[in-house]
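Quick note on UniProt numbering: the first sequence kicks off at 1 and runs consecutively.
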Amino acid sequence: MSSTFVSSSNPWFGAALLNWYPRHRRDLPWRHTRDPYAIWLSEVILQQTRVKQGLPYYLDFITTYPTVHDLAAAPQDEVLRHWQGLGYYSRARNMHHTAQQVVQEYSGRFPGTYAELLKLRGVGQYTAAAIASFAYDEQVAVLDGNVYRVLARVFGLAQDIAAPASRKVFQQVADTLIPADQPAEFNQAIMEFGAIQCTPVKPDCLFCPLQSQCYAFQHGLISELPVKSKAKAGRTRYFHYFVLQYEDTLYMRKRGPKDIWEGLYDFALHEADSADLPARTVVDTVEALGGRIDLAQVEEPVQSLRHVLSHQKVEARFHPVKLEAPLTPKALATAGLLPYKASEIESLPKSILITNYISNIGF
DNA sequence: TAATCGTGGAT
DNA sequence: TATCCAAGATT
Numbered sequence: 001m002s003s004t005f006v007s008s009s010n011p012w013f014g015a016a017l018l019n020w021y022p023r024h025r026r027d028l029p030w031r032h033t034r035d036p037y038a039i040w041l042s043e044v045i046l047q048q049t050r051v052k053q054g055l056p057y058y059l060d061f062i063t064t065y066p067t068v069h070d071l072a073a074a075p076q077d078e079v080l081r082h083w084q085g086l087g088y089y090s091r092a093r094n095m096h097h098t099a100q101q102v103v104q105e106y107s108g109r110f111p112g113t114y115a116e117l118l119k120l121r122g123v124g125q126y127t128a129a130a131i132a133s134f135a136y137d138e139q140v141a142v143l144d145g146n147v148y149r150v151l152a153r154v155f156g157l158a159q160d161i162a163a164p165a166s167r168k169v170f171q172q173v174a175d176t177l178i179p180a181d182q183p184a185e186f187n188q189a190i191m192e193f194g195a196i197q198c199t200p201v202k203p204d205c206l207f208c209p210l211q212s213q214c215y216a217f218q219h220g221l222i223s224e225l226p227v228k229s230k231a232k233a234g235r236t237r238y239f240h241y242f243v244l245q246y247e248d249t250l251y252m253r254k255r256g257p258k259d260i261w262e263g264l265y266d267f268a269l270h271e272a273d274s275a276d277l278p279a280r281t282v283v284d285t286v287e288a289l290g291g292r293i294d295l296a297q298v299e300e301p302v303q304s305l306r307h308v309l310s311h312q313k314v315e316a317r318f319h320p321v322k323l324e325a326p327l328t329p330k331a332l333a334t335a336g337l338l339p340y341k342a343s344e345i346e347s348l349p350k351s352i353l354i355t356n357y358i359s360n361i362g363f
């Protein structure tokens with residue numbers, strides 16, 4: 001597969017996109033501002049996230065935290081609670097950290113160049129380029145999933161877009177195409193074109209302004225480009241949650257690093273090799289936490305929920321445990337548990353799995 | 001570099 | 001039901 005000649009001396013590509021864009025662009029709130037804070041907020045929210053899913057979160061964040069100072073001053077749990085349900089929670093933690101850094105080290109003003117933006121936690125090459133071009137008109141090309149797809153098809157680039165090494169090829173092409181006088185418009189245009197017209201499945205080639213110039217269309221390779229290697233299948237994990245309750249107190253835990261859902265709250269957890277757990281193990285586990293339970297309670301039906309993540313499946317069983325006495329401070333410290341009233345749990349950030357469980361049993 | 005980090009919608 | 005994948009970043 002050969003590549004079409006690419007050069008800024010071939011301006012048809014940018015001209016076609018910049019003509020297409022104002023006729024097809026969606027009216028989105030972050031397109032009405034040049035405030036780097038608002039743009040940064042929208043870009044982080046939209047990482048690996050569809051506009052339809054991210055939009056309500058953007059409106060909530062920009063309303064709750066109108067400035068970087070407001071976000072920086074908020075507790076992490078509150079920020080994560082607003083992020084709840086959006087996934088990839090490191091984005092929220094990194095975003096919160098960066099807000100505090102911008103306030104403390106940049107006097108509340110975002111860095112003004114691509115190179116400086118790139119240093120911020122949670123801001124990679126794409127997001128730095130997006131902010132730099134949208135807010136400051138810097139001539140640096142964005143490279144997201146849309147751009148990969150459009151460039152691969154139009155110019156017949158067959159490199160594996162899942163391989164990091166392919167990035168430099170696409171980046172070089174994009175950098176060559178982006179015009180000096182309208183970098184922001186070009187970046188918006190090529191992404192919007194990929195999102196609306198040059199879609200992954202069934203792209204609208206019939207009314208495509210690039211059709212006559214498109215390598216993939218002319219060679220019947222639309223469904224073959226871009227080339228993307230498949231990710232390996234994820235593993236299945238078996239979570240046994242012990243929902244410890246004493247009177248109206250429930251015991252929960254803030255999840256730690258190096259695993260899914262860092263920073264979110266769940267219950268005392270025993271991870272096993274199977275979905276079944278011997279009754280004896282249930283008793284032992286609860287007693288190890290400092291709680292006491294009789295075997296009769298173990299027999300009661302437990303709720304099972306399956307949850308699918310990007311790289312693993314979780315099969316969770318929830319074992320409600322009525323305690324005869326509150327957990328001791330020592331037991332709490334050992335297990336990393338914290339006591340909450342039922343009414344307080346709503347405000348804690350939780351995964352969809354835990355939220356669903358609580359919704360099902362209704363406390 | 002390859003693996004990992006969520007969730008929901010489309011096919 | 002299974003698979004893809006969406007305005008990526010981090011380690």
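Glycine residues also receive a C-beta, built at the ideal position from the N, C-alpha and C atoms.
Predicted model only: the values in this text are computed from it and were never measured.
Specify the secondary structure class of residue i as computed by DSSP and reduced to three states.
i           : result
residue 69  : helix
residue 338 : strand
residue 155 : helix
residue 225 : coil
residue 52  : helix
residue 126 : helix
residue 232 : coil
residue 249 : strand
residue 284 : helix
residue 168 : helix
residue 175 : helix
residue 254 : strand
residue 290 : coil
residue 343 : helix
residue 57  : helix
residue 274 : coil
residue 110 : coil
residue 355 : helix
residue 77  : helix
residue 186 : helix
residue 5   : Only weak support exists for where residue 5 lies, its pLDDT of 46 falling under 50; the value from the coordinates is given anyway. DSSP places residue 5 in coil when its eight states are reduced to three.
residue 117 : helix
residue 47  : coil
Which one or two residues does DSSP pair with residue i in a beta bridge?
i           : result
residue 304 : 317
residue 138 : Paired residues: none, contrary to the question.
residue 268 : 242
residue 204 : In the DSSP output, where bridge partners are listed per residue, residue 204 has none listed.
residue 312 : 235
residue 322 : 245
residue 160 : 227
Have a look at residue i and residue j and give me their C-alpha separation to the nearest angstrom.
i           : j           : result
residue 58  : residue 254 : 25 Å
residue 347 : residue 341 : 11 Å
residue 223 : residue 201 : 8 Å
residue 4   : residue 121 : Note that residue 4 has pLDDT 48, beneath the 50 cutoff, so the model's placement of it is unreliable and the number below is only indicative. About 37 Å.
residue 97  : residue 47  : 17 Å
residue 303 : residue 283 : 17 Å
residue 174 : residue 316 : 45 Å
residue 136 : residue 360 : 48 Å
residue 184 : residue 336 : 48 Å
residue 197 : residue 203 : 6 Å
residue 356 : residue 350 : 10 Å
residue 320 : residue 208 : 57 Å
residue 205 : residue 99  : 42 Å
residue 41  : residue 278 : 47 Å
residue 358 : residue 176 : 52 Å
residue 268 : residue 244 : 8 Å
residue 367 : residue 353 : Only positions 1 to 363 of the chain appear in this structure, which leaves residue 367 out of reach.
residue 344 : residue 216 : 56 Å
Under 8 Å by Cβ, that's how I've got residue i and residue j pegged, so tell me the actual separation to the nearest angstrom.
i           : j           : result
residue 190 : residue 139 : Not quite, the Cβ-Cβ distance comes to about 14 Å (not below 8 Å), so this is no contact.
residue 18  : residue 186 : 7 Å
residue 241 : residue 339 : Going by Cβ atoms, the distance from residue 241 to residue 339 rounds to 17 Å, so no, they are not a contact pair.
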